[in-house]
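Please read the structure below before turning to the comments.
In my numbering, the protein residues as written are 2 to 164.
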């Protein structure tokens, strides 16, 4: 397995967190399911940053504001967690998040969980875009894709080219 030279490189959004004791198991390390919760914290902060960047985030209405502004929301379709090293109670960690790919109805999120410059965990998530009015899968909103393209340092690849 090739190690990244700088696991922070290419990530515009990096969110700090502190591991709480309740997130640890009897071995004193973060219980595996919490890595997905950390990734979700990262996604929430990513979406908040997109809303802040567009200047449309109403105070206290991030989630509703996101759906209203971008005309949709997302569900997790697939999650892949690659554990590299343990995080422990009271560790200060950074959650680095970026969108790496857009499909017609989905997008991929890459999350690096870091302690300093040590890469502890890599989470890869595939989200499916849906229309909240119908709860049906829908094409990813162009407005969302454009906002991500504007926000990201490394532009996401396109798995499907619109005709």
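Glycine included, every Cβ here is placed at the ideal spot set by N, Cα and C. The model shown is predicted, which means the values in this text are computed figures rather than measured ones.
Between the Cα of residue i and the Cα atoms of the options, which residue gives the shortest distance?
i, options, result
"residue 23", "34, 119 and 71", "34"
"residue 135", "109, 68, 155 and 11", "68"
"residue 142", "107, 76, 15 and 126", "107"
"residue 40", "109, 137 and 73", "109"
"residue 90", "7, 31 and 14", "31"
"residue 139", "73, 20, 124 and 125", "73"
"residue 118", "95, 46, 76 and 21", "95"
"residue 14", "75, 114 and 6", "114"
"residue 75", "131, 47, 53 and 49", "131"
"residue 8", "133, 152 and 124", "124"
"residue 129", "104, 153, 120 and 116", "104"
Between the C-alpha atoms of residue i and residue j, what's the straight-line distance to the nearest angstrom?
i, j, result
"residue 145", "residue 97", "20 Å"
"residue 28", "residue 122", "17 Å"
"residue 100", "residue 92", "26 Å"
"residue 155", "residue 102", "10 Å"
"residue 88", "residue 44", "20 Å"
"residue 147", "residue 55", "11 Å"
"residue 150", "residue 11", "13 Å"
"residue 26", "residue 85", "17 Å"
"residue 42", "residue 48", "10 Å"
"residue 52", "residue 21", "28 Å"
"residue 157", "residue 120", "22 Å"
"residue 70", "residue 152", "16 Å"
"residue 133", "residue 16", "27 Å"
"residue 80", "residue 46", "18 Å"
"residue 18", "residue 137", "34 Å"
"residue 6", "residue 66", "37 Å"
"residue 50", "residue 116", "22 Å"
Do residue j and residue i count as a contact pair if the criterion is CB distance below 8 Å?
i, j, result
"residue 82", "residue 37", "yes"
"residue 159", "residue 127", "no"
### Query
Hey, which unbroken runs of the alpha helix (DSSP H) at 4 residues or more fall wholly within the segment 25–86?
Runs of alpha helix (DSSP H) with 4 or more residues, each lying fully within the segment 25–86, are found at 34–55 and 63–71, listed in chain order.
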